[in-house]
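Q: Structure incoming, see below.
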Amino acid sequence: MEKRGVQVVEVGPRDGFQNIPDYIPMELKLEIIRRILAAGVRKVQITSFVSPKAVPQMRDAAELTRVALEEFPQAELFALVPNWKGAERAAQAGLLEISTVISLSESHNKANVGRMVEESLADAARILEHFSHLKIGLDIATAFGCPFEGEMPLEKLLALMDRLYQVGARTFTLCDTIGVAHPQQVREALTAAHREFPQAEVGIHIHDTRNLGIANTYAGILAGADFVQTALGGLGGCPFAPGASGNTATEDLVYLLDQEGMSTGISFERLLEAAKFLHSQVQGNYSGHHIRIGNCGGPN
Ligand code: COA
Ligand code: ZN
């Protein structure tokens, strides 16, 4: 039987590292990225071009990007930018792809980037227009629920996507920032998004706060997500969303997809080694399961 392919995008070096208060030396960050790529991952979100006051961990974004682009020319590397200045800095560092973020809920947008949704929309429109030579993804934070406002209706999500589509957005990531989504909600959101925006790529990014990360991510894959984002070791959270825990762990997902006969091009063993290495080097909040397994048997 032919294996179905799934694009697994690694976001740990951004989503995971941004929560670590102690500075992780740039060489260690690069070593983690090196091991992720060596395991067969093709696309990695390597950093974010944010204010160093908001997230001091990312103060090395420009230098790290420069070195990574030089060392890994075959890889698809991209970074998160919260605003115009971030887009400028990322483009200057030589990236060909960025993702910018906007929250579905007003209060999370304010907590995350200090602005109203309308202001972020205007910035996104400006970025899409000016940096048309770059691939620009739109991350919709709190797409399924907000720590301050509760569940987010699907109509509200589609309305925001429509505004962004009108100004040129063609790649969307529906982010479950605080891990409140459930599989049916993920299926419905993806089905509706593909129906309303057939020209757009739509992926998902699911946090594992309630142990539903893997179920939701898998539901998204079965519902036709164009890509899924996960983080090595499940390291993560959101510094601006109280209670948010780690992302779905990439190695746990790859294990599941291997068992289900879906191809990712990623070696589970090598990725698990990378995750264990990360776990041994960086203290943080990990939601991954395989990194905790001792000698209680192999995959079968
Ligand atoms: N990169 C570096 N510096 C930036 C920047 C960026 N993308 N955007 C703004 N700054 C600098 C400004 O130049 C200014 O510097 P100064 O004090 O030396 O003059 C300072 O930050 C404040 O600028 P301002 O536009 O008023 O921003 P702010 O203080 O309202 O912060 C954000 C807004 C978006 C820059 C900030 O909230 C941020 O970086 N948030 C990160 C959110 C995040 O990473 N969330 C998790 C991932 S979703
Ligand atoms: Zn996240």
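In the numbering used here, each residue carries its 1-based index in the sequence shown increased by 15.
Where is the CB? At the ideal position from N, CA and C, for every residue including glycine.
In this text, all values refer to a predicted model and were calculated from it rather than measured experimentally.
1. Under 7 Å, CB to any heavy atom of the ligand ZN. Which residues pass, going along the chain?
2. Quick check: what's the CA-CA separation for Thr265 versus Gly249?
3. CA-CA distance, Ala259 and Gly252?
4. Counting Cβ pairs closer than 8 Å, one from the segment 282-294 and one from the segment 47-55, do we hit at least three?
5. Determine the direct distance from the alpha carbon of Ile219 to that of Phe187, and round the result to whole angstroms.
6. Would a C-beta distance cut-off of 8 Å place Leu153 and Ala140 closer than the cut-off?
7. Let's test the definition: count the other Cβ atoms within 10 Å of the Cβ of Asn315 and tell me whether it reaches 16, buried, or not, exposed.
8. Note down, in chain order, each residue of its chain lying with its Cβ closer than 7 Å to the Cβ of Ile229, except the 5 sequence neighbours on either side.
9. Do three or more CB pairs link the segment 116-124 to the segment 156-168 at distances below 8 Å?
10. Hey, how far is the Cα of Val23 from the Cα of Glu133?
11. Could you check what DSSP says for Gly31 in three-state terms: helix, strand or coil?
12. By how many angstroms is the C-alpha of Phe93 removed from the C-alpha of Lys44?
13. Check whether the Cβ of Gly194 sits closer than 7 Å to any heavy atom of the ligand COA, and report yes or no.
14. Just to confirm, is the Cβ distance from Ile61 to Arg29 under 8 Å?
15. Under 8 Å, do Gln319 and Gln33 count as touching if we go by C-beta distance?
16. Taking the DSSP output, what are the residues bridged to Glu25?
17. Can you tell me the Cα-Cα spacing of Pro213 and Pro40, whole angstroms?
18. Of the residues Thr192, Gln199, Leu205, Thr206, which one's Cα is nearest the Cα of Asp223?
19. In terms of DSSP beta bridges, what is Ala156 paired with?
20. Take Ala196 as the anchor and find which of Arg130, Val182, Tyr233 has the nearest alpha-carbon.
A: So, to answer that:
1. Val26, Asp30, Cys190, Thr192, His220, His222, Gly251, Cys253, Asn262
2. 7 Å
3. 5 Å
4. yes
5. 8 Å
6. no
7. Per-residue confidence for Asn315 stands at a pLDDT of 49, beneath the threshold of 50, marking its modelled position as unreliable; no derived number is given.
8. Thr263, Asp267, Leu268, Leu271
9. yes
10. 31 Å
11. helix
12. 15 Å
13. no
14. yes
15. Only positions 16 to 315 of the chain appear in this structure, which leaves residue 319 out of reach.
16. Val59, Thr245
17. 42 Å
18. Thr192
19. Ser118
20. Tyr233
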